[in-house]
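Novice: There's a structure below that I have some questions on.
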Amino acid sequence: MTRPVVDPLAPLDPPAREAVRAASRRVRLPAGAAAFRPGEPCAHWLIVCAGQVRVSRVSGDGREIVLYRVHPGESCVLTTAGLLEGAAYDAEAIAETEVEALLLPAAEFLRLIAEQPSFRRFAFAAYAARIAGLMELAEELAFDEVGTRLARRLLALRAPDGTVPATHEALAAELGTAREVVSRRLKAFERAGHVALARGRIVVADPDGLAAAAHASVT
Numbered sequence: 006m007t008r009p010v011v012d013p014l015a016p017l018d019p020p021a022r023e024a025v026r027a028a029s030r031r032v033r034l035p036a037g038a039a040a041f042r043p044g045e046p047c048a049h050w051l052i053v054c055a056g057q058v059r060v061s062r063v064s065g066d067g068r069e070i071v072l073y074r075v076h077p078g079e080s081c082v083l084t085t086a087g088l089l090e091g092a093a094y095d096a097e098a099i100a101e102t103e104v105e106a107l108l109l110p111a112a113e114f115l116r117l118i119a120e121q122p123s124f125r126r127f128a129f130a131a132y133a134a135r136i137a138g139l140m141e142l143a144e145e146l147a148f149d150e151v152g153t154r155l156a157r158r159l160l161a162l163r164a165p166d167g168t169v170p171a172t173h174e175a176l177a178a179e180l181g182t183a184r185e186v187v188s189r190r191l192k193a194f195e196r197a198g199h200v201a202l203a204r205g206r207i208v209v210a211d212p213d214g215l216a217a218a219a220h221a222s223v224t
């Protein structure tokens with residue numbers, strides 16, 4: 006299936022746009038490929054043209070939490086931070102679909118930040134927006150009950166036929182919790198009639214009930 010491709014540089018003024026295009030190279034990543042891994046140096050600024058990249062961290066016990074996704078037209082805040090600080094990555098980025106992206110070398114990124122106001126505003130606006138999203142994630146993890154967050158995620162992922170294309174493990178990674186916790190909450194939703202569970206399958210049976218659960222703790 007052909008994926009929509011956007012021009013991520015459209016917000017830039019012409020001089021900055023041409024400078025980025027001249028200095029960057031276009032790459033394609035197959036689904037499942039790593040854009041970067043923990044410990045690797047930040048050598049390029051990545052901006053996605055098509056596809057979707059998942060950025061996550063894995064704890065010492067193997068538990069994954071999804072920090073954010075990079076969609077077409079967006080850049081990666083960890084890459085921006087790493088380039089500005091000269092630090093290595095402390096998370097991993099995996100292409101969830103086939104991805105087309107631009108890679109701007111670190112030296113060119115820093116030069117454009119210093120010399121091109123349009124590029125500087127563009128990079129820092131994306132950085133600020135992503136930081137705001139990470140603050141929301143931190144607030145959810147700190148204050149919202151797992152069942153509440155799970156209900157919201159099921160509604161967000163629900164397909165037109167009611168199915169949720171995600172495993173218990175994937176949902177746990179999205180919510181920053183253990184797979185066993187997600188399974189228990191799904192069982193509670195099933196008992197309440199909100200979802201129907203089968204082997205490898207989750208179906209939202211009562212969207213209104215699940216929406217109510219998204220605003221209240223489920224025990």
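Residue numbers (this note's numbering): 6 to 224.
Even glycine gets a Cβ: it sits at the ideal position worked out from N, Cα and C.
Would you grab the beta carbon distance between VAL187 and HIS173 for me? Rounded to a whole angstrom, and I think it's under 8 Å.
Specialist: Yes, they are in contact, since the Cβ atoms of VAL187 and HIS173 sit about 5 Å apart, within 8 Å.
Novice: When you compare the segment 36-48 with the segment 149-157, are there three or more beta-carbon pairs, one atom per stretch, that lie closer than 8 Å?
Specialist: Flag = no, the segment 36-48 and the segment 149-157 do not touch.
Novice: Does the distance from the C-beta atom of SER61 to that of ALA178 stay below 9 Å?
Specialist: Closer than 9 Å, so yes.
Novice: Identify every run of the alpha helix (DSSP H) within the segment 56-96, keeping only runs that are complete inside it and at least 4 residues long; order them along the chain.
Specialist: Qualifying alpha helix (DSSP H) stretches, in chain order: 82-90.
Novice: Alpha carbon to alpha carbon, how far is ARG68 from ARG26?
Specialist: Going by the C-alpha atoms only, they are around 38 Å apart.
Novice: Identify which residue in ARG190, PHE194 and PRO46 has its Cα closest to the Cα of ALA86.
Specialist: Closest by alpha carbon: PRO46.
Novice: If you run the structure through DSSP and keep just helix, strand and coil, what is HIS220?
Specialist: Residue state, collapsed to three classes: coil.
Novice: Spell out a yes or no on whether the segment 11-20 and the segment 68-80 are touching, meaning 3 or more CB-CB pairs, one atom from each, closer than 8 Å.
Specialist: With the cut-off at 8 Å, the segment 11-20 and the segment 68-80 touch.
Novice: So, under 8 Å CB-CB, ALA100 and GLY56 are touching, yes? Tell me the CB distance rounded to an integer number of Å.
Specialist: With 8 Å as the limit, ALA100 and GLY56 qualify as a contact, their Cβ atoms being about 6 Å apart.
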